[in-house]
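What follows is a set of notes on a single structure, which appears directly below.
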Amino acid sequence: MKQQIQGLVRAALEQLIAQAILDPDTFSDGLPEPQIERTRDDSHGDFATNAAMVLAKRARTKPRALAERIVAALPGSSFIERVEIAGPGFINFHLAADAFHAQVAEIIAQGPSFGRSRFGAGKRVQVEFVSANPTGPLHVGHGRGAAYGAVVADLLEAVGFDVHREYYVNDAGRQMDILCASVWLRYLELCGETLRFPSNGYKGDYVWDIAASLHREHGDDYRVAADLVMAGLPADAIAGEPNGDKEAHIDGVIANAKRLLGDNRYRFVFELGLNTILDDIRQDLGEFGAHYQEWYSERTLTESGAVNRAIERLRAAGHLYTQAGALWFRSSAFGDEKDRVLVRENGQTTYFASDIAYHMDKLERGFERVIDVWGADHHGYVPRVKAALTALGDAAERLDVLLVQFAVLYRGGEKVQMSTRSGEFVTLRQLRKEVGRDAARFFYVMRRCEQHMDFDLDLAKSQSADNPVYYCQYAHARVESVLRQAADRGILVEPSPGIRHLDRLGEPHELALLKILPRYPEVVEAAALGHEPHLLTTYLRELANAFHTYYNAHQFLVDDDALRDARIKLILAVRQVLRNGLGLIGVSAPEQM
2 MKQQIQGLVR AALEQLIAQA ILDPDTFSDG LPEPQIERTR DDSHGDFATN
52 AAMVLAKRAR TKPRALAERI VAALPGSSFI ERVEIAGPGF INFHLAADAF
102 HAQVAEIIAQ GPSFGRSRFG AGKRVQVEFV SANPTGPLHV GHGRGAAYGA
152 VVADLLEAVG FDVHREYYVN DAGRQMDILC ASVWLRYLEL CGETLRFPSN
202 GYKGDYVWDI AASLHREHGD DYRVAADLVM AGLPADAIAG EPNGDKEAHI
252 DGVIANAKRL LGDNRYRFVF ELGLNTILDD IRQDLGEFGA HYQEWYSERT
302 LTESGAVNRA IERLRAAGHL YTQAGALWFR SSAFGDEKDR VLVRENGQTT
352 YFASDIAYHM DKLERGFERV IDVWGADHHG YVPRVKAALT ALGDAAERLD
402 VLLVQFAVLY RGGEKVQMST RSGEFVTLRQ LRKEVGRDAA RFFYVMRRCE
452 QHMDFDLDLA KSQSADNPVY YCQYAHARVE SVLRQAADRG ILVEPSPGIR
502 HLDRLGEPHE LALLKILPRY PEVVEAAALG HEPHLLTTYL RELANAFHTY
552 YNAHQFLVDD DALRDARIKL ILAVRQVLRN GLGLIGVSAP EQM
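If you're matching positions, the sequence shown starts at 2 in the working numbering and goes up one per residue.
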């Protein structure tokens with residue numbers, strides 16, 4: 002209806018221009034699209050436009066006078082009951098009952114397609130999300146980014162964008178070396194060596210599992226005496242070592258591992274750890290409903306020469322300088338708080354250099370927009386990446402970075418403590434096992450991504466009206482139960498065509514649903530373009546509440562054939578919108594609960 006009213010207003014303005022009531026020269030650059038919004042107060046109608054106030058200056062007339070001319074020029078429509086002018090020049094549209102009835106028929110006719118559009122047709126968008134270092138299983142913090150990124154991608158696709166979902170695999174650099182060293186040290190312990198595990202190593206059970214796999218398949222092939230492994234290491238930051246440095250200590254372990262194992266054997270352990278965890282991440286995300294078109298390897302940036310090419314582009318543009326043996330990017334000149342190192346004094350490129358190359362590559366691949374979903378702890382990276390893109394001469398405004406706050410778990414009213422490095426954390430897989438995929442997906446996107454989130458595990462498992470996902474799914478199941486009751490009683494519930502009999506819907510609960518249902522396409526579009534999935538969950542909860550209220554107050558399988566047909570049509574429309582909306586969130590629509 003919003004688009005139809007927009008078309009009516011545009012047609013009225015074009016008629017006024019054609020009749021020279023509005024000066025054609027004033028609109029030689031084109032007629033702006035009239036903005037149509039839903040009213041907040043039912044007494045003001047269903048939709049309103051401020052077109053008269055926006056165009057009054059260009060039309061050289063008062064807003065209210067222009068509003069009167071627009072209303073007079075509006076084409077006739079059976080869906081418009083009346084049009085009123087309010088205040089300084091608002092034009093309010095009151096819809097006829099047939100307009101709402103037509104929406105019910107449209108929902109049933111379009112089925113799974115209802116709410117989808119071609120708004121973004123022909124535009125390519127990349128959404129990169131999760132991209133957690135493959136140094137351990139995904140935890141519940143990653144889960145929120147996974148759910149949010151997946152739903153944003155699906156929403157954009159629902160409104161017509163060509164969406165490319167991507168996971169950036171950080172398969173190079175120091176963290177992966179720490180994982181490799183951790184696996185190898187656990188392997189040595191399984192071989193019978195006695196050593197003190199580094200305080201900065203990865204300590205989770207999954208490290209033992211990978212080490213056990215190495216030991217099971219290769220025996221002592223990778224064994225080295227513990228005293229050689231620990232020879233010459235800086236002191237670790239542990240009790241009894243007041244001057245210990247955990248970073249220097251783990252770097253020493255890595256250096257010894259590389260020297261003692263040699264390139265080939267070190268690379269084998271490295272790849273074993275990487276691939277084992279990456280395979281686990283792929284499976285975990287797939288079971289969570291997060292799927293990707295591409296898993297992009299960080300190492301390919303170096304192998305393809307992209308990192309060097311990005312550095313050379315910045316150098317050629319005069320944005321690099323050398324200081325203390327390191328190569329620096331003058332990012333402070335482009336809005337960053339300070340300059341950043343791209344190449345360390347030892348000749349190694351930094352993570353930031355790879356980030357620049359990666360985003361340069363994204364834009365070179367022709368995406369109209371690039372969306373990064375990052376954890377909120379990466380907020381400091383936003384200005385430096387945008388600074389780099391600007392310095393490269395690329396359009397930094399094509400990059401949107403959406404920051405997601407980690408979720409804090411509560412069980413029995415108590416906060417669940419987590420630490421990734423120590424291995425004390427709740428994995429995404431454990432969360433799904435405890436509360437189910439549906440509850441996890443729904444809860445994760447109920448709030449704006451930048452808002453703090455408390456995840457109540459007990460609430461997510463409860464079967465009550467207080468559990469929002471259960472409440473929405475139960476509404477869908479209740480419609481299915483009505484249809485089963487009809488089948489059991491031999492009542493035909495095949496709806497009649499079009500809007501036939503829908504004029505029998507006049508109860509307040511029915512009128513409320515008739516007003517809520519047509520809003521669904523607008524909610525989907527707003528949620529997609531604003532990257533705000535919570536708008537959809539809020540809408541579904543409102544629809545479910547209206548339906549439950551209706552269900553509790555009225556019978557559907559009444560003796561009056563016409564009234565029964567009308568009510569069946571209405572609840573079928575409710576079922577379809579619930580099913581479509583839950584599907585976009587990645588949540589099932591069960592037939593029984």
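A virtual CB, placed ideally from N, CA and C, is assigned to each residue, including glycine.
CB of residue i within 8 Å of CB of residue j, strictly
| i | j | result |
| --- | --- | --- |
| Ala182 | Glu299 | no |
| Ala98 | Ile81 | no |
| Gly144 | Ala388 | no |
| Ala60 | Gln36 | no |
| Glu526 | Phe120 | yes |
| Gly150 | Val164 | no |
| Glu194 | Ala148 | no |
| Val1 | Phe443 | The requested residue 1 does not occur in the structure, where the chain is confined to residues 2 to 594. |
| Gly161 | Ala122 | yes |
| Leu579 | Leu518 | no |
| Pro534 | Val152 | yes |
| Leu390 | Leu400 | yes |
| Leu514 | Tyr551 | yes |
| Phe48 | Glu34 | no |
| Val588 | Leu544 | no |
| Leu503 | Ala567 | yes |
Rounded straight-line distance, which links the Cα of residue j to that of residue i
| i | j | result |
| --- | --- | --- |
| Thr191 | Phe289 | According to the sequence as given, residue 191 is Leu; it is not Thr. Straight-line Cα distance between these residues: approximately 34 Å. |
| Phe368 | Arg125 | 5 Å |
| Leu429 | Leu410 | 12 Å |
| Trp1 | Arg83 | Because the chain in this structure spans residues 2 to 594, residue 1 falls outside the shown range and cannot be described. |
| Leu343 | Leu328 | 6 Å |
| Thr277 | Ile251 | 22 Å |
| Ile239 | Leu273 | 29 Å |
| Arg260 | Arg448 | 50 Å |
| Gly263 | Thr303 | 22 Å |
| Ala311 | Gly202 | 32 Å |
| Ala528 | Ala554 | 32 Å |
| Leu23 | Ser29 | 11 Å |
| Gly142 | Gly414 | 19 Å |
| Gln349 | Gly326 | 12 Å |
| Glu1 | Pro89 | Missing from the structure shown is residue 1; the chain here goes from 2 to 594 and no further. |
| Pro522 | Leu139 | 34 Å |
| Leu596 | Val446 | The requested residue 596 does not occur in the structure, where the chain is confined to residues 2 to 594. |
| Ala73 | Asn581 | 39 Å |
| Gly361 | Arg217 | Looking at the sequence shown, residue 361 is not Gly but Met. Computed Cα separation, rounded: 43 Å. |
| Ala66 | Leu14 | 13 Å |
Residue environment, residue i, which counts as buried when at least 16 other CB atoms sit within 10 Å
| i | result |
| --- | --- |
| Lys570 | buried |
| Met177 | buried |
| Gly381 | exposed |
| Asp221 | exposed |
| Pro595 | Only positions 2 to 594 of the chain appear in this structure, which leaves residue 595 out of reach. |
| Ala547 | buried |
| Gln104 | buried |
| Glu451 | exposed |
| Pro498 | exposed |
| Gln464 | exposed |
| Gln593 | exposed |
| Arg41 | exposed |
| Ser332 | buried |
| Ala295 | This sequence places Glu at residue 295; Ala is not what is there. Its Cβ having fewer than 16 others within 10 Å, Glu295 is exposed. |
| Asp356 | buried |
Reduced DSSP secondary structure (H/G/I, E/B, other) of residue i
| i | result |
| --- | --- |
| Glu82 | strand |
| Lys63 | coil |
| His532 | coil |
| Met454 | strand |
| Val128 | strand |
| Glu295 | strand |
| His380 | coil |
| Thr539 | helix |
| Ala240 | coil |
| Phe289 | coil |
| Asp489 | helix |
| Leu512 | helix |
| Asp228 | helix |
| Ala590 | coil |
**Prompt:** If you scan the segment 315-374 from start to end, which runs of the alpha helix (DSSP H) of 4 or more residues do you find wholly inside it?
**Reply:** The alpha helix (DSSP H) runs lying completely inside the segment 315-374 and spanning 4 residues or more are 352-365, given in chain order.
**Prompt:** In chain order, which alpha helix (DSSP H) runs of at least 4 residues are fully inside the segment 111-184?
**Reply:** List check, alpha helix (DSSP H) in window: 141-159.
**Asked** Which full runs of the beta strand (DSSP E) of 3+ residues lie inside the segment 405-444, going along the chain?
**Response** Annotation: the segment 405-444 contains the following complete segments of the beta strand (DSSP E) (minimum length 3 residues), in chain order: 408-412.
**Asked** Could you give the uninterrupted runs of the beta strand (DSSP E) lying entirely in the segment 184-211, keeping only those of 3 residues or more?
**Response** Scanning the segment 184-211 from its first residue to its last, no whole beta strand (DSSP E) run of 3-plus residues comes out.
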